[in-house]
Amino acid sequence: MRFYAIAVYLFLYIPIGVIAVFSFNAGRYAAQLQGFSTQWYGKALSNPFVMEALQTSATVAAVSATLATIAGTLAALALQGVTGKPRMIFDALLYIAVMVPGIVIGISTLIALVTLFDWLNPMIAAFWPVAESAPKLQMGKGSLIAAHGMFTMALVVIIVRARVAGMDRSLIEASADLGATPLGTFRQVTLPQIFPAILAGFLLAFTFSFDDFIIAFFVAGSETTLPIYVFSSIRRGVTPEINAIGTMVLTVSLLILVVAQSILQRGRRAQTG
Amino acid sequence: MTTRLRTILLLTPAAAWLLAMLVLPLVVVVVFSFGERAAAGGYSAALTLENFANLGARWAAFKNTLMLAPAGTVLCLLIAYPLAYYLAVKADPKWRTLLLILVIVPFWTSILIRSYAWIYLLGGQGIPKLISTLGLGNPRLINTPFAVLIGIVYGYLPLMVFPIYVSLERLDKRLLEASADLGSPPWRSFLQVTLPLSMPGVATGCMLVFILLMGEFLIPAMLGGGKVFFVGNALVDLFLQSRNWPYGAAVAVALVVIMLVTVTAYMRFTRRWAGGRDDVSLM
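Each protein sequence line maps, in turn, to chains X and S. According to this note's numbering, the first sequence is numbered sequentially starting from 22. According to this note's numbering, the second sequence is numbered sequentially starting from 41.
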């Protein structure tokens, strides 16, 4: 039994480990290890395309996760008081958002936005004082943020709502009885209790957006995110540079996830104990 | 400010976001699936069933998906169950949380990089080279259904382990003691007590993995090398290369309908012998 478990863990972690080991390989070829070198990291970090893609990914992830966390937390708080049909509809939408395959989200967002923009752009141009300088709506960072944020907001609602449901209601009542304003109660009682879930939700939202390939592939327009860059590089052939980028991406998401997990676990312990 | 007004105000951003970026686009896909392809690609308004009548042209993609998604799900289940059992029953409680986190964490990291790792391992310079150096033949691994299945198991195993673990951990240990006291050997207790009681977790895990596999694009694109393609690969081709939006929309609608039908049938079927399902959070 134990050996079986060890075998599965090896299966899960050896491929990641191989990438990490070869990212420090001095040689160009996969088959032979030729000594330690950080040259591929240097190559990756001095490649302007990589840096631009990294910047796009980080911006989109930060903005979409922030907006998703705010909208999601507000919704999770409001949903406590919602019952009956409105609640059912909202829950159904959340589950659709999480369950519909990413590829379907990607294509539907692509065709809906492109159609909308094709329809809006002539109108904007018509009303703009100088027709040549009229802004043109197009796919790009904005559509990436909107699409990623929609999905990750659903995640945030689900995570924060679980925490809100397990909250100690008597503290809120006590605070109100002692004369605190609703806003004061929220700041001093509710927020500290649900904060771990909010933070964990934000970190998950960030990781999801940063790692997402399939939605971005459709809605990125002329922008290149880091996963899109990696995908198209792999198409052109496997290079050690990809190992270095992959190792960095994995390390960053692993760090974020470990932080998110420990926050959530600590929160749970505080709640039950 | 009344409570009602406050609730509405708090819900507005989320509701508007879901409406604009989820409901509306999905409606557009359905509308487009009844349309015609414009001369330059894209969409021109029409009301025709032609796109659906032509779905057979992409039959190979549907066939691959409908064969490899269930196969991958079953494979994940067979590998995940013993591990979940070990974690929930046998593992030292001191290490349990850490071991569980170690299973879940890969799921939240880039599936792109993780599939790429297998290109590396299964490609000509990886495992095949090792096998041929050992004189055991010259197998071709990358760009085969086998490679796609490995990628699937590697990608989705965590999603299967977690719900099964949850249902096994909740299992009342006294039932097993009672079974042993009444003279059942351990294997019999397992078959008659543990296994049936873990069915809700099995059902949830299978459903999650199956749903995600139905929409898979990356794993077949990277490890199947154009030979083993899923509906997802057909969709990328239709929307980004040939720009046949109405037909692509019809393929997407068909995919979602197949998913809904299978999942509903599956849930009906499992509810009968599993008694509802667990709601499982992934963190």
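Even for Gly, the Cβ is constructed at its ideal location relative to N, Cα and C.
Subject >> Neighbouring residues, chain X, relative to Val233 of chain S (Cβ below 8 Å) >> reply: Numbered from its first residue, the second sequence carries residue 233 of chain S at position 193. Near Val233 of chain S there are no residues of chain X at all, since even the closest Cβ is about 18 Å away, more than 8 Å.
Original post:
Gly294 of chain X to Ile219 of chain X, Cα distance in whole Å?
Top reply: In the first sequence, the residue the question calls residue 294 of chain X occupies position 273. In the first sequence, the residue the question calls residue 219 of chain X occupies position 198. With a pLDDT of only 43 at Gly294 of chain X, under the threshold of 50, the placement of this residue in the model should not be trusted; the figure read from the coordinates follows. One C-alpha to the other measures close to 20 Å.
**OP:** Evaluate Thr234 of chain S with the Cβ neighbour count: other Cβ atoms within 10 Å of its Cβ, from every protein chain shown; 16 or more gives buried, anything less gives exposed.
**Re:** Against the second sequence, residue 234 of chain S aligns to sequence position 194. Buried.
**OP:** Output yes if chain X places a C-beta closer than 8 Å to the C-beta of Asp318 of chain S; else output no.
**Re:** In the second sequence, the residue the question calls residue 318 of chain S occupies position 278. Because the pLDDT of Asp318 of chain S is 45, which lies under 50, any placement of that residue in the model is unreliable, and the question is left without a value.
Subject >> From X:Phe43, X:Gln209 and X:Pro122, residue whose alpha carbon lies closest to that of Leu192 of chain X >> reply: In the first sequence, the residue the question calls residue 192 of chain X occupies position 171. It is X:Gln209 whose Cα lies nearest to the Cα of Leu192 of chain X.
Original post:
What did DSSP end up calling Asp318 of chain S once you bin it into helix, strand or coil?
Top reply: Looking up residue 318 of chain S in the second sequence gives position 278. With a pLDDT of 45 at Asp318 of chain S, under the threshold of 50, the predicted position of this residue should be treated as unreliable, though the coordinate-derived value follows. Here Asp318 of chain S sits in coil by DSSP.
Original post:
Taking the continuous alpha helix (DSSP H) assigned at Asp212 of chain S, which residues delimit it?
Top reply: By one-based count along the second sequence, residue 212 of chain S stands at place 172. Per DSSP, Asp212 of chain S belongs to no alpha helix (DSSP H) and is neither H nor E.
Original post:
Phe250 of chain S by DSSP, collapsed to three states: which one?
Top reply: To locate residue 250 of chain S, count along the second sequence from 1; it is residue 210. It is helical.
Subject >> Residues near Ala86 of chain X by beta carbon distance below 7 Å, same chain, minus five either side >> reply: If you number the first sequence from 1, residue 86 of chain X lands on position 65. Taken in chain order, the residues that qualify are Thr173, Phe223, Ala226, Phe227 and Ser230.
Subject >> Reference Thr244 of chain S, options S:Asn273, S:Leu211, S:Val206 and S:Gly223, closest by Cα >> reply: Working through the second sequence from its first residue, we reach residue 244 of chain S at position 204. Comparing Cα positions, the closest option is S:Val206.
Original post:
In this structure, does DSSP put Asn91 of chain S in helix, strand or coil?
Top reply: Here the question's residue 91 of chain S lines up with position 51 in the second sequence. DSSP places Asn91 of chain S in helix when its eight states are reduced to three.
**OP:** Could you round the C-beta distance between Pro168 of chain S and Leu108 of chain S to whole angstroms and report it? I think they count as a contact, below 8 Å.
**Re:** Residue 168 of chain S sits at position 128 when you count from the first residue of the second sequence. Residue 108 of chain S sits at position 68 when you count from the first residue of the second sequence. Actually they do not touch by this definition, with Cβ atoms about 22 Å apart.
**OP:** Helix, strand or coil for Asn183 of chain S, going by three-state DSSP, please let me know.
**Re:** As a working mapping, residue 183 of chain S is identified with position 143 in the second sequence. DSSP places Asn183 of chain S in coil when its eight states are reduced to three.
**OP:** Using a Cβ-Cβ cut-off of less than 8 Å, list which residues of the region 69-95 of chain X approach chain S; keep chain order.
**Re:** Ile91, Ala92, Gly93 and Leu95
Original post:
Using a beta-carbon distance below 8 Å, is Thr149 of chain S in contact with chain X?
Top reply: Against the second sequence, residue 149 of chain S aligns to sequence position 109. With 8 Å as the cut-off, Thr149 of chain S counts as an interface residue toward chain X.
Subject >> Pair within 8 Å by beta-carbon distance, Asn94 of chain S and Phe270 of chain S >> reply: Mapped onto the second sequence, residue 94 of chain S falls at position 54. Mapped onto the second sequence, residue 270 of chain S falls at position 230. It is not a contact, given that the beta carbons lie outside the stated cut-off.
Original post:
Quick one: which chain S residues come within Cβ less than 9 Å of Asp232 of chain X?
Top reply: Here residue 232 of chain X corresponds to residue number 211 of the first sequence, with the count starting at 1. Those within 9 Å of Asp232 of chain X in chain S are Trp148, Thr149, Ser150, Ile151, Leu152 and Ile153.
**OP:** Give me the Cα-Cα distance between Ile255 of chain X and Leu237 of chain S, rounded to the nearest whole angstrom.
**Re:** Sequence index remark: in the first sequence, residue 255 of chain X carries index 234 (1-based). Sequence index remark: in the second sequence, residue 237 of chain S carries index 197 (1-based). Distance between the alpha carbons of Ile255 of chain X and Leu237 of chain S: 45 Å.
Original post:
Is the distance from the Cβ of Gly25 of chain X to the Cβ of Leu142 of chain S below 8 Å?
Top reply: Here residue 25 of chain X is taken as the residue at index 4 of the first sequence, counted from 1. Here residue 142 of chain S is taken as the residue at index 102 of the second sequence, counted from 1. The amino acid occupying residue 25 of chain X in the given sequence is Tyr; Gly does not appear at that position. No; because the gap between Cβ atoms is not below 8 Å, this pair is not in contact.
**OP:** Within its chain, find whatever has a CB closer than 6 Å to the CB of Glu262 of chain X; leave out the 5 residues flanking it on each side and keep chain order.
**Re:** In the first sequence, the residue the question calls residue 262 of chain X occupies position 241. Trp61, Lys64 and Ala65, listed in sequence order.
Original post:
Under 8 Å, do Leu247 of chain X and Leu54 of chain X count as touching if we go by C-beta distance?
Top reply: Counted from its first residue, the first sequence places residue 247 of chain X at position 226. Counted from its first residue, the first sequence places residue 54 of chain X at position 33. No, Cβ-Cβ distance for Leu247 of chain X and Leu54 of chain X is not below 8 Å.
Original post:
For Pro110 of chain S versus Val188 of chain S, is the C-beta spacing smaller than 8 Å?
Top reply: By one-based count along the second sequence, residue 110 of chain S stands at place 70. By one-based count along the second sequence, residue 188 of chain S stands at place 148. Not closer than 8 Å, so no.
Original post:
Under a three-way DSSP split, which group does Ser243 of chain X fall into?
Top reply: Residue mapping note: residue 243 of chain X aligns to position 222 of the first sequence, counting from 1. Reduced to three states, the DSSP call for Ser243 of chain X is coil.
**OP:** Give the DSSP-derived three-state secondary structure of Phe57 of chain X in the structure shown.
**Re:** Translated into the one-based positions of the first sequence, residue 57 of chain X becomes position 36. Correct three-state label for Phe57 of chain X: strand.
Original post:
Does Gln286 of chain X have its Cβ less than 8 Å from a Cβ in chain S?
Top reply: Stepping through the first sequence from its first residue, residue 286 of chain X is reached at position 265. So, interface residue.
**OP:** Indicate whether Leu65 of chain S and Ser253 of chain X have their beta-carbon atoms separated by less than 8 Å.
**Re:** One-based indexing of the second sequence puts residue 65 of chain S at position 25. One-based indexing of the first sequence puts residue 253 of chain X at position 232. Per the sequence shown, residue 65 of chain S should be read as Pro rather than Leu. Cβ atoms of Pro65 of chain S and Ser253 of chain X: not closer than 8 Å.
Original post:
Using 8 Å as the limit for Cβ to Cβ distance, is Ala290 of chain S near chain X?
Top reply: Along the second sequence, one-based indexing puts residue 290 of chain S at 250. Not closer than 8 Å to any Cβ of chain X, the Cβ of Ala290 of chain S fails to qualify, so no.
**OP:** Use the C-beta contact count for Leu51 of chain S: other C-beta atoms within 10 angstroms, 16 or more gives buried, fewer gives exposed.
**Re:** For this step, residue 51 of chain S is matched to residue 11 along the second sequence. With 16 or more Cβ atoms within 10 Å of its Cβ, Leu51 of chain S is classed as buried.
**OP:** Reducing DSSP to helix, strand and coil, say where Met323 of chain S ends up.
**Re:** Taking the second sequence and counting its residues from 1, one reaches residue 323 of chain S at position 283. In this prediction, Met323 of chain S has a pLDDT of 40, which is less than 50 and means its spatial position is unreliable; what the coordinates show is noted afterwards. Coil.
Original post:
Shorter than 8 Å from the beta carbon of Ile119 of chain S to some beta carbon of chain X?
Top reply: Taking the second sequence and counting its residues from 1, one reaches residue 119 of chain S at position 79. Chain X, which has a Cβ nearer than 8 Å to the Cβ of Ile119 of chain S, makes this yes.
Original post:
Are there three or more Cβ pairs, one per stretch, closer than 8 Å when the region 122-136 of chain S is compared with the region 196-206 of chain S?
Top reply: yes
Original post:
Does the beta carbon of Thr310 of chain S sit closer than 8 Å to a beta carbon anywhere in chain X?
Top reply: Counting from 1 along the second sequence, the entry for residue 310 of chain S is found at position 270. False, the Cβ-Cβ gap to chain X never drops below 8 Å.
Subject >> Same chain, Cβ closer than 8 Å to Pro156 of chain X, neighbours up to 5 away in sequence not counted >> reply: For the purposes of this step, residue 156 of chain X is taken as the residue at position 135 of the first sequence. Excluding positions up to five away in sequence, the list reads Ile145 and Trp149.
Original post:
Nearest CA to the CA of Phe102 of chain S: which residue from S:Leu117, S:Ala294 and S:Met307?
Top reply: As a position in the second sequence, residue 102 of chain S is number 62, starting the count at 1. Minimum Cα distance to Phe102 of chain S is reached at S:Ala294.
**OP:** Could you please tell me which residues of the region 172-205 of chain S, in chain order, have their CB closer than 9 Å to any CB of chain X?
**Re:** Val193, Tyr194, Leu197, Pro198 and Val201
Original post:
Three or more C-beta pairs closer than 8 Å, one from the region 159-178 of chain X and one from the region 85-101 of chain X: is that the case here?
Top reply: yes
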